[in-house]
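Trainee: Submitted below is the structure of interest, expressed as structure tokens.
Number of protein chains: 2
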Amino acid sequence: MQDILFDFISKYIALTEEEKNAIVSLDIFRSVKKGTTLLKKGQRSKDSYFVLKGCIRTFYLIDGEEKTTAFYTEMDALTPHCVINKAPSEYFISCVEDCILSVSNSDMEAEVNGKFPKFEIMCRKLSEELLAKKQIDFDEFRTSSPEQRYLNLLQNRPDLFQRIPQHQIASYLGIKPQSLSRLRARITNKG
Amino acid sequence: MQDILFDFISKYIALTEEEKNAIVSLDIFRSVKKGTTLLKKGQRSKDSYFVLKGCIRTFYLIDGEEKTTAFYTEMDALTPHCVINKAPSEYFISCVEDCILSVSNSDMEAEVNGKFPKFEIMCRKLSEELLAKKQIDFDEFRTSSPEQRYLNLLQNRPDLFQRIPQHQIASYLGIKPQSLSRLRARITNKG
DNA sequence: ATCACTCGTTCACTTAAGTTAAGAAATGAA
DNA sequence: TTCATTTCTTAACTTAAGTGAACGAGTGAT
């Protein structure tokens, strides 16, 4: 299972056996049940997540309504905003499925970065890459209609439709569940 | 004028006079006329921009229509996606106003980073901070209606309405110019 | 000064999403 | 299994954005 983490890391830096052992000895792997809340609004967490198996999502609670803003699945890394800016979290994080996660604390990361400077390089590369990806995703969202966003999602992340409740996907697309149902019906009647 | 750049840098790292001189000697300051296109779709540029004065925007050309996705004003830094992923640009960059820009090439940056390791730290901090900000902006956009987005923009960047054509702001809000006009009329008739 | 062009607004009409409500299907717990 | 809850769909109606067109105000070029 931890091989997934090492596969991911190998995209950015090469690891020696010694370094791999150092990571394993940190004992960062966690099994988490579906529905578990990993972070609540207002909390000040230092934990970052890497998804080995399963799916977690971030959502806001606005006027009593959940607004899902992201899904993280296998090989996705999530450093909550509150870890970066050291302020209480604006949003929630919870498990959509039973998950196996690698949970790393920012203090631990600082320690590992001290011991193995390679990791600092990885973090820089990773955050640059994530910024570039986030920019493109944002642009795509901004320049698309809900229907186009739905078709894009179907194209780029078809697995989400098999594992995530429709109302959470609707929220992610920026519309209501009823509108998603209707939109789907509209599309099938066209094709 | 270059003091603006040094003020900006001082938020991340402290600079010696020697380092400041090294930057000035790079001769990176450029005056650019309103309407100038800095980057076209399909080009492979290595240039990053820092706005000292004026305003530049990024936009896509989709079905013959300009879709504006960002405005950069004083103290904003823009590293185009094509610089990061070394692929042809998907979008255009042009000047909304006469501008004074600091234009830095990624080769130059590598050189400066080599001479002054401090700069590498600044780049890491900056890209982490930008990622965090981008995430929050995206979440806000995702969870808002066009009307809320308009009100937020009015709150957070009121200057844009004084310096940018309405149809570009409409596009930025994800709607048509006519809808922005109507939306504004609707709001004034309410209040 | 004139002409062409862009820009912003308004209007009438169309299309799609929000809202409210109801019911069927699936899920989970006792 | 049964019962309650959640999830998804459908429908009727409301609201807001898209579309196409027209108009006046401003801008720039000649």
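Going line by line, the protein sequences match chains A and B.
If you count by this note's numbering, then the first sequence holds residues 1 to 191, one letter each, in order.
If you count by this note's numbering, then the second sequence holds residues 192 to 382, one letter each, in order.
Even for Gly, the Cβ is constructed at its ideal location relative to N, Cα and C.
1) Report the partner residues of Phe-50 of chain A according to the DSSP bridge assignment.
2) For the segment 147 to 177 of chain A, which residues have a beta carbon sitting closer than 7 Å to at least one beta carbon of chain B?
3) Let me see if you follow: with CB-CB separation under 9 Å, is Tyr-60 of chain A close to chain B or not?
4) Please state the DSSP three-state secondary structure of Leu-15 of chain A.
5) Does Thr-260 of chain B have its Cβ less than 9 Å from a Cβ in chain A?
6) Using a Cβ cut-off of 9 Å (strictly closer), state whether Gln-135 of chain A contacts chain B.
7) From Asn-189 of chain A to Arg-157 of chain A, what does the alpha carbon distance come to, in whole angstroms?
8) Let me know the secondary structure DSSP gives Glu-109 of chain A once reduced to three states.
9) Along the alpha helix (DSSP H) that carries Tyr-341 of chain B, what are the first and last residues, could you check?
10) Leu-183 of chain A and Val-112 of chain A - do their beta-carbons sit closer together than 9 Å?
11) Spell out the partners DSSP gives Glu-65 of chain A in its beta bridges.
12) Are the C-beta atoms of Ala-132 of chain A and some chain B residue less than 9 Å apart?
13) Say yes only if the C-beta of Gln-193 of chain B is nearer than 8 Å to one or more non-hydrogen atoms of the ligand SAH, and no if none qualify.
14) Would you say Asn-276 of chain B faces chain A, with C-beta separation under 9 Å as the test?
15) Could you give the DSSP three-state label for Ser-280 of chain B: helix, strand or coil?
16) Cα separation between Ile-169 of chain A and Leu-364 of chain B?
17) According to DSSP, is Thr-188 of chain A part of a helix, a strand, or is it coil?
18) Could you pull the DSSP bridge partners for Thr-37 of chain A from this structure?
19) Would you decide whether Asp-139 of chain A is buried or exposed? Buried here means 16 or more other CB atoms lie within 10 Å of its CB.
20) Considering only DSSP beta bridges, list what Ala-70 of chain A is partnered with.
21) Bridge partners of Ser-222 of chain B, per DSSP?
22) For Phe-141 of chain A, return the contacting residues in chain B, with the cut-off set at a CB-CB distance below 9 Å.
23) By the DSSP assignment, the alpha helix (DSSP H) with Lys-444 of chain B in it spans what residues?
24) Please state the DSSP three-state secondary structure of Leu-26 of chain A.
25) Is there a C-beta anywhere in chain B that falls below 9 Å from the one on Lys-90 of chain A?
26) Any beta-carbon of chain A closer than 9 Å to the one on Arg-221 of chain B?
27) Give the C-beta separation of Ser-208 of chain A and Leu-78 of chain A to the nearest angstrom, bearing in mind that I take them to be a contact with Cβ-Cβ under 8 Å.
28) For Met-122 of chain A, which three-state DSSP category applies?
29) In angstroms with no decimal places, state the Cα-to-Cα distance between Phe-197 of chain B and Lys-211 of chain B.
30) At a CB-CB cut-off below 8 Å, which residues of chain B make contact with Glu-128 of chain A?
31) For chain B, is any of its Cβ atoms less than 9 Å away from the one on Glu-120 of chain A?
32) So what's Ser-201 of chain B in DSSP terms, helix, strand or just coil?
33) Would you mind working out which of A:Thr-37, A:Arg-44, A:Met-75 sits nearest Lys-53 of chain A, comparing C-alpha positions?
34) Do Val-223 of chain B and Ile-291 of chain B have their CB atoms nearer than 9 Å?
35) Taking only the alpha-carbon atoms, compute the straight-line gap between Gln-166 of chain A and Thr-228 of chain B and give it to the nearest angstrom.
36) How is Pro-165 of chain A classed by DSSP in three states: helix, strand or coil?
Mentor: Short version:
1) A:Ala-77, A:Ser-102
2) Result list: Gly-174.
3) yes
4) coil
5) yes
6) yes
7) 23 Å
8) helix
9) 337 to 347
10) no
11) Answer is A:Ile-62.
12) yes
13) Of ligands this structure carries none, so the ligand SAH is not represented either.
14) yes
15) coil
16) 22 Å
17) helix
18) A:Ser-94
19) buried
20) As computed with DSSP, Ala-70 of chain A is found in a beta bridge with A:Thr-58.
21) DSSP output for Ser-222 of chain B lists B:Ile-291 as bridge partner(s).
22) Phe-329, Phe-332, Arg-333, Gly-365
23) This structure cannot settle anything about residue 444 of chain B, because the visible part of chain B is limited to 192 through 382.
24) The three-state secondary structure of Leu-26 of chain A, taken from DSSP, is coil.
25) First, the residue type needs correcting, since residue 90 of chain A is Glu and not Lys in the sequence shown. Yes, contact with chain B.
26) No, its Cβ sits nowhere closer than 9 Å to a Cβ of chain A.
27) Any answer about residue 208 of chain A is impossible in this case: the structure gives chain A only from 1 up to 191.
28) Note: Met-122 of chain A maps to helix in three-state DSSP.
29) 8 Å
30) In chain order: Ile-275, Ser-318.
31) yes
32) It is coil, neither helix nor strand.
33) The shortest Cα separation from Lys-53 of chain A among A:Thr-37, A:Arg-44, A:Met-75 belongs to A:Met-75.
34) Going by C-beta atoms, Val-223 of chain B is nearer than 9 Å to Ile-291 of chain B.
35) 43 Å
36) coil
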